[in-house]
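Trainee: Numbering (our numbering), first residue to last: 136 to 369. I'd like to ask some things about the structure below.
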């Protein structure tokens, strides 16, 4: 599959023409989505949950790692100091613009690649990734089974995966009371509920191993977590 990166398609080309809106969930497009993301900027700019998930993947210098649904780059920046080469896959043009801005400011800019893609169409080469993560992105995935197939395609032998979505519906979540008071259900914006066991099944079906799914507290937040790795050669 051809990789479509910001290094090859700059702002005017990237967000125009036939590629616009071809990736990701329909509810991530348009002015309503931009307003939603602007309101969420503080928690999308940096989050302890991203820090924890990146630490679980544990990138090392020279590895190639993948942030799926990178948003404003909280996970990308958490990984920037590890020496790994980071590919940020993000379907939303507005968020890719924010990512480009953050890349310019980062001392690790030469190791950050931004790709117009989504979980179902990652836009990176086969067997090229040593580690991958997604934070609060699974509920945006249109076709989780296809996403699992894509992950299996891009992973190198032994590569590890961590997928985590906060469980905002859990009464122990620090934002649960605030969201309930505003009438904001966990899937208010039309995204699909996350079923960690189902996602784990998809990963198992495509040949990944050591697949585990469950509910954990990450960075003080109840989260639905799926971990796995690619099978070693031989």
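Cβ coordinates follow ideal geometry from the N, Cα and C atoms, glycine included. This structure is a prediction, so every number in the text was calculated from the model and none was measured.
Is there contact between the region 281 to 290 and the region 224 to 234, where contact requires at least three CB pairs shorter than 8 Å?
Mentor: No, the region 281 to 290 does not touch the region 224 to 234.
Trainee: What is the C-beta distance between residue 309 and residue 356, in whole angstroms, given that I count them as a contact (C-beta under 8 Å)?
Mentor: With 8 Å as the limit, residue 309 and residue 356 qualify as a contact, their Cβ atoms being about 7 Å apart.
Trainee: Following the continuous beta strand (DSSP E) through residue 329, name the residue where it begins and the one where it ends.
Mentor: Neither: residue 329 is in no beta strand (DSSP E) and is coded neither H nor E.
Trainee: Return yes when the Cβ of residue 200 is within less than 9 Å of the Cβ of residue 265, no when it is not.
Mentor: In this structure, residue 200 lies closer than 9 Å to residue 265 by Cβ.
Trainee: Based on the DSSP secondary-structure assignment, which residues constitute the bridge partners of residue 200?
Mentor: Bridge partners of residue 200: 221 and 266.
Trainee: Could you please give the first and the last residue of the uninterrupted beta strand (DSSP E) stretch that includes residue 301?
Mentor: Run containing residue 301: 290 to 301, per the beta strand (DSSP E) assignment.
Trainee: Please report the Cβ distance between residue 329 and residue 273, rounded to the nearest whole angstrom; I am assuming they are in contact, meaning their Cβ atoms lie under 8 Å.
Mentor: Yes, they are in contact, since the Cβ atoms of residue 329 and residue 273 sit about 5 Å apart, within 8 Å.
Trainee: Take residue 191 and list the residues in its own chain whose beta-carbon comes closer than 7 Å to its own, dropping the five residues that flank it on each side.
Mentor: Only 297 meet the Cβ criterion.
Trainee: Smallest Cα separation from residue 259: which of 270, 285 and 235?
Mentor: Measuring from the Cα of residue 259, the nearest candidate turns out to be 285.
Trainee: Is there contact between the region 268 to 282 and the region 232 to 240, where contact requires at least three CB pairs shorter than 8 Å?
Mentor: Short answer: they don't touch.
Trainee: Please report the distance separating the alpha-carbon of residue 331 from that of residue 364.
Mentor: Cα-Cα distance, rounded: 16 Å.
Trainee: For residue 277, which residues does DSSP report across the bridge?
Mentor: Partner(s): none; residue 277 has no beta bridge.
Trainee: Could you work out which residue in 261, 256, 263 and 262 is closest to residue 277 when comparing CA atoms only?
Mentor: Cα-wise, what sits closest to residue 277 is 256.
Trainee: Which residues in the same chain as residue 183 place their Cβ atom closer than 7 Å to its Cβ, once the five residues preceding and following it in sequence are excluded?
Mentor: Only 354 meet the Cβ criterion.
Trainee: Going by DSSP in three states, residue 347 sits in which element: helix, strand or coil?
Mentor: Strand.
Trainee: Residue 247 and residue 215 - do their beta-carbons sit closer together than 9 Å?
Mentor: In this structure, residue 247 lies closer than 9 Å to residue 215 by Cβ.
Trainee: Residue 321 to residue 232, Cα distance in whole Å?
Mentor: Confidence at residue 321 is low in this model, with a pLDDT of 45, below 50, so the placement of that residue should be treated as unreliable; the coordinate-derived value is given next. Their Cα atoms are separated by approximately 27 Å.
Trainee: Determine the direct distance from the alpha carbon of residue 217 to that of residue 302, and round the result to whole angstroms.
Mentor: Cα to Cα, residue 302 sits roughly 28 Å from residue 217.
Trainee: Taking 9 Å as the threshold (C-beta atoms), are residue 194 and residue 221 in contact?
Mentor: For residue 221 and residue 194, yes; Cβs fall inside 9 Å.
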